[in-house]
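S.K.: Chains as they are written, first to last, in this note's numbering: chain D, 6 to 352; chain P, 6 to 352.
Number of protein chains: 2
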Amino acid sequence: MAITPAAGSSRSASVKDVAATAGVSLGTVSNVLNRPDRVSRTTRERVERAMADLGFVRNESARSLRTGSTHSLAYVMLDAGNPFFTDVARGIELAAETAGLSLFLCNSDGRSAREGAHLAHLQQQRVQGILITPVDPDDPQIDQLIERGTPVVIVDRTRAGSSFCSVAVDDVLGGRLAVEHLIEVGHRRVAYVGGPESIGQVRDRGEGARQAWAEAGLPPEDLVTLSCEAPTVASGRAAGERLVGLPARRRPTAAFCANDLIALGLLQQTISSGRTVPGDLAIVGYDDIEFAAAAAVPLTSVRQPRHDLGRRAAELLLDEVGNPAHQHEQVVFTPELVARASTLGRR
Amino acid sequence: MAITPAAGSSRSASVKDVAATAGVSLGTVSNVLNRPDRVSRTTRERVERAMADLGFVRNESARSLRTGSTHSLAYVMLDAGNPFFTDVARGIELAAETAGLSLFLCNSDGRSAREGAHLAHLQQQRVQGILITPVDPDDPQIDQLIERGTPVVIVDRTRAGSSFCSVAVDDVLGGRLAVEHLIEVGHRRVAYVGGPESIGQVRDRGEGARQAWAEAGLPPEDLVTLSCEAPTVASGRAAGERLVGLPARRRPTAAFCANDLIALGLLQQTISSGRTVPGDLAIVGYDDIEFAAAAAVPLTSVRQPRHDLGRRAAELLLDEVGNPAHQHEQVVFTPELVARASTLGRR
DNA sequence: GACCTCCGATGAAACGATTTAGGAACGGAC
DNA sequence: GTCCGTTCCTAAATCGTTTCATCGGAGGTC
């Protein structure tokens, strides 16, 4: 009869075991897995029965070694704790699921070293492609990935004249929108709260802020930059304490924060220290995450189409993987200011 | 001379190419990769040079096929959009990084089908082990994973008499703490807002709420259950609208929400509809995510040690993977009530 | 100078699945 | 009864890496 390995044996069953149990050859088992229509119904059922009995689990390493391709994509996030990126990830997931691929999420947590380790590992895994919101889009490791054949799509950043696709939102414009709005509602001393400078988004939004300030003909020294260690709620709180420390004459009446986490921290610190928003300090955030609207004082924020950002990025990657005539594309979405009570509560 | 494949050839370089270029054998290249001390310095440098020149990237599929083990763990999250789970993930990441393993994050998004697809794929990938916050901890697929040799640790749930490790927080106790607190500050008509019932955490927290209610000798009909479709901010808002619709006589004066997302939604709806918190409605959340303290009215919440939860879970998994004398363990952490303005603002 | 040791390097044999060229069995038609 | 076409299945080669038994040579010892 068929040779049946001991149930619960330490080695898991292979196609060979299945073939032996079902009394067919290796190739037939493979056909059942990959081209079931080429196998007669009775044989197929016998093989499927054997697979179930043995608890057969296809070995993806062997499969992808032989075929040279995997069924996975990966998204390397800049900060998994920031809802903005998890929303982007959700958009990517949707597209990946539709295409029948699994999506692995990796978190670089803003650290180049971790990002590099993830990229190296993903490259060794031969994932079909990588989506990444990089710590630094000019990192040569990204070019190296592409040279060595792993398609990459940059999410939420761009690079001039690139050899890859990217999907971004115009952060300079976003910064302008925020500061133009603050100027419009009457502020003449504004703080830009962001950091670290190593993050491109932070630089661009600050640049947009400065442009708007200059175009309004306001003195540069009245646009203060408050640099944070990280774009987090805690940093926002800390920035709030530093603001209070400034002499009243020089203290800004409004703050534009590089993201909503900072803004929420700043908001909390401001209110809990007994001042009011926007009375003592108007606040504009960035990203318009779900929690922004639900904040102590609903937050004015620059909205990015985060879901579309993810979906579109994944679509570009899938096109690059599947379509030989693929052309690299740099998609830039337009941000939009959503004005709420944190700047409008009082004139 | 050495056979050098054309630079930028479509096939990426293999150890064989490296060996040819460096003028050594396959085995030597492998030794450079895995036991560099066994190779003389000059040979090693020559091989490393060849690897760099060819852009060699080790093929992890082949490696793990041969050795039978991978360098990856995975955490299947219930909801990547909920900061609670990303905080847990961060704890896991820390432990994984320390052990030199990569962590893949997968998001089941509360859907059994997606969870199942992820598990199947991870099993095929032969990951070293899986951490999971399951949609349903009694899902037979989990037992099947273990039977077939993939270690599993359940995160944030338990199961009686189990054949695997788990790390959880006592949700029944958490529910009691919340409701005992509400009773103590004087509420006699309370809503439990949670859902769907299919989620164990929701059931347990509700059960704890009922126990506390009964032990206080209060009539069961005064503890109303408001069921949500999902534990999200949007559901919280919707629940708020349903609460307003109740006749004043029967309307609860306080709400205990199954998590902070629901609580934040409820809080937002309550305030934006012109009522006050805790004046018209006191609110208790669950998880004590960072945004809870930063909310419109700082939220009273049941705190879970989410970082430790993740770290401990990963440690148990690593022990199971590496230690032959491993004993399964069911770790249960104790939650803690953090009282803030959303229940204390007024007596 | 013969012998032994040790170090470094070698080459073949796996790992488990897929693929492809080809072979057996079967049924139908003349 | 023979021949042909169709199904269905078999056997062997292959993917890239690791491992293990082995081998050659340099150096030391007597």
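Ideal Cβ placement from N, Cα and C applies to all residues, glycine included.
1) Tell me the DSSP bridge mates of M82/D?
2) Compare the beta carbon distance of G290/D and A268/D with 9 Å and say whether it is the shorter of the two.
3) Mark R54/D as exposed unless 16 or more other C-beta atoms lie within 10 angstroms of its C-beta, in which case mark it buried.
4) Closer than 8 Å by C-beta to V23/D: which residues in its own chain qualify, once you throw out the five before and the five after it? Chain order, please.
5) So the candidates are R116/P, L342/P, R247/P, A221/P; which of them puts its Cα closest to the Cα of T230/P?
6) Taking only beta-carbon positions, decide if T9/D is within less than 9 Å of chain P.
7) Entirely within the segment 188-263 of chain D and at least 4 residues each: give me those alpha helix (DSSP H) ranges in chain order.
8) Name, please, each residue of chain P whose Cβ falls closer than 8 Å to the Cβ of T91/D.
9) Closer than 8 Å by beta-carbon distance: list the chain D residues that pair up with N64/P, in chain order.
10) Mind checking which residues open and close the alpha helix (DSSP H) that includes I151/D?
11) Which residues of the segment 247-274 of chain D have a Cβ closer than 8 Å to any Cβ of chain P? Give them in chain order.
12) Pull the bridge partners of F375/P from the DSSP assignment, please.
13) Determine whether the Cβ of A196/P lies closer than 9 Å to any Cβ atom of chain D.
14) List the DSSP bridge partners of E341/P.
15) Could you check the C-alpha separation between V160/P and R153/P for me, to the nearest Å?
16) Any residues in the segment 132-154 of chain P with a beta carbon nearer than 8 Å to a beta carbon of chain D? Which ones, in chain order?
17) Go to V62/P, then tell me how far its alpha helix (DSSP H) extends in each direction, as first and last residue.
18) Hey, how far is the Cα of A346/P from the Cα of G134/D?
19) Under 8 Å Cβ-Cβ, which residues of chain D neighbour G205/P?
20) Would you tell me roughly how many angstroms separate the C-alpha atoms of A100/P and L110/P, rounded to the nearest one?
21) Going by the DSSP bridge assignment, what does A300/D pair with across the sheet?
22) Within the chosen definition, does the segment 290-303 of chain P reach the segment 263-283 of chain D through at least 3 CB pairs nearer than 8 Å?
23) Is it the case that the segment 167-179 of chain P contacts the segment 327-340 of chain P, given that we only count it when at least three CB pairs across the two stretches are under 8 Å?
24) Taking C-beta pairs closer than 9 Å, name the residues in chain D that R95/P reaches, listed in chain order.
25) Considering just the uninterrupted stretch of the alpha helix (DSSP H) at A346/P, what are its terminal residues?
26) Once DSSP output is grouped into helix, strand and coil, what is the label at S77/P?
27) Answer with yes or no whether the minimum CB distance from A122/P to chain D is below 9 Å.
28) Would you say T75/P faces chain D, with C-beta separation under 9 Å as the test?
29) Kindly list, in the order they appear in chain D, the residues whose Cβ is closer than 8 Å to that of D301/P.
30) In the DSSP assignment, find the unbroken alpha helix (DSSP H) run with I159/D in it and report its ends.
31) Going by CA-CA distance only, name the one from L70/D, R71/D, D84/D, T75/D that's closest to P236/D.
32) Starting from the Cα of L178/P, find the closest Cα among E202/P, A263/P, P145/P and give me that residue.
33) Taking V135/P as part of the alpha helix (DSSP H), name the residues at either end of that continuous run.
34) What does the Cβ neighbour count give for G245/P, buried or exposed, with the cut at 16 atoms within 10 Å?
35) Kindly indicate the opening and closing residues of the alpha helix (DSSP H) around I267/D.
36) Is there at least one Cβ from chain P nearer than 9 Å to E341/D's Cβ?
M.R.: So, to answer that:
1) In DSSP, M82/D forms a bridge with N112/D.
2) Closer than 9 Å, so yes.
3) Exposed is the call here.
4) Within the same chain, V23/D has close Cβ partners V34, V52, A55, M56, L59, F61.
5) Comparing alpha-carbon positions, the option among R116/P, L342/P, R247/P, A221/P lying closest to T230/P turns out to be R247/P.
6) Its pLDDT being 38, under 50, T9/D is placed unreliably by the model, and nothing is read from it.
7) Listed in chain order, the complete alpha helix (DSSP H) runs (minimum 4 residues) inside the segment 188-263 of chain D are 205-220, 238-250.
8) Taking a Cβ-Cβ cut-off of 8 Å, the neighbours of T91/D in chain P comprise A85, G86, T91, given in sequence order.
9) Neighbours of N64/P on chain D, chain order: L70, Q129, R131.
10) Segment 145-152, the alpha helix (DSSP H) holding I151/D.
11) If you check each beta-carbon in the segment 247-274 of chain D against every beta-carbon of chain P, the ones closer than 8 Å belong to L269, G270, L272, Q273.
12) Beyond the ends of chain P as shown, which are 6 and 352, falls residue 375/P; an answer cannot be given.
13) Closer than 9 Å: no.
14) Its beta-bridge partners are R308/P.
15) If I take the Cα positions, the gap works out to 20 Å.
16) For the segment 132-154 of chain P, which is checked against every Cβ of chain D, the residues closer than 8 Å are Q149, E152, R153, G154.
17) If you look at V62/P, you'll find it isn't in any alpha helix (DSSP H); DSSP assigns it neither H nor E.
18) C-alpha separation (whole angstroms): 48 Å.
19) Residues of chain D with a Cβ closer than 8 Å to the Cβ of G205/P do not exist, since the nearest Cβ in that chain sits about 23 Å away.
20) C-alpha separation (whole angstroms): 14 Å.
21) Paired residues: A300/P.
22) The segment 290-303 of chain P vs the segment 263-283 of chain D: in contact.
23) Short answer: they touch.
24) Against chain D, the beta carbon of R95/P has neighbours under 9 Å at A85, G86, N112, D114, listed in chain order.
25) Element bounds for A346/P: 346-349.
26) Note: S77/P maps to strand in three-state DSSP.
27) Taking Cβ atoms only, chain D reaches closer than 9 Å to A122/P, which makes this a yes.
28) At least one chain D Cβ lies under 9 Å of T75/P.
29) The sequence as given places Ala at residue 301/P; Asp does not occur at that position. Against A301/P, the close residues of chain D are A299, A300, A301, V302, in the order they occur along the chain (beta-carbon pairs closer than 8 Å).
30) From DSSP, I159/D is part of no alpha helix (DSSP H) but of the beta strand (DSSP E) over 157-160.
31) It is D84/D whose Cα lies nearest to the Cα of P236/D.
32) A263/P is the residue among E202/P, A263/P, P145/P whose C-alpha sits nearest the C-alpha of L178/P.
33) Checking the sequence, you will find Ile at residue 135/P rather than Val. Here I135/P belongs to no alpha helix (DSSP H); instead the beta strand (DSSP E) covers 134-137.
34) Within a 10 Å sphere around the beta-carbon of G245/P sit 16 or more other beta-carbons, which makes this residue buried.
35) Looking at the DSSP string, the run of the alpha helix (DSSP H) that includes I267/D is 265-277.
36) No, because no Cβ of chain P sits closer than 9 Å to the Cβ of E341/D.
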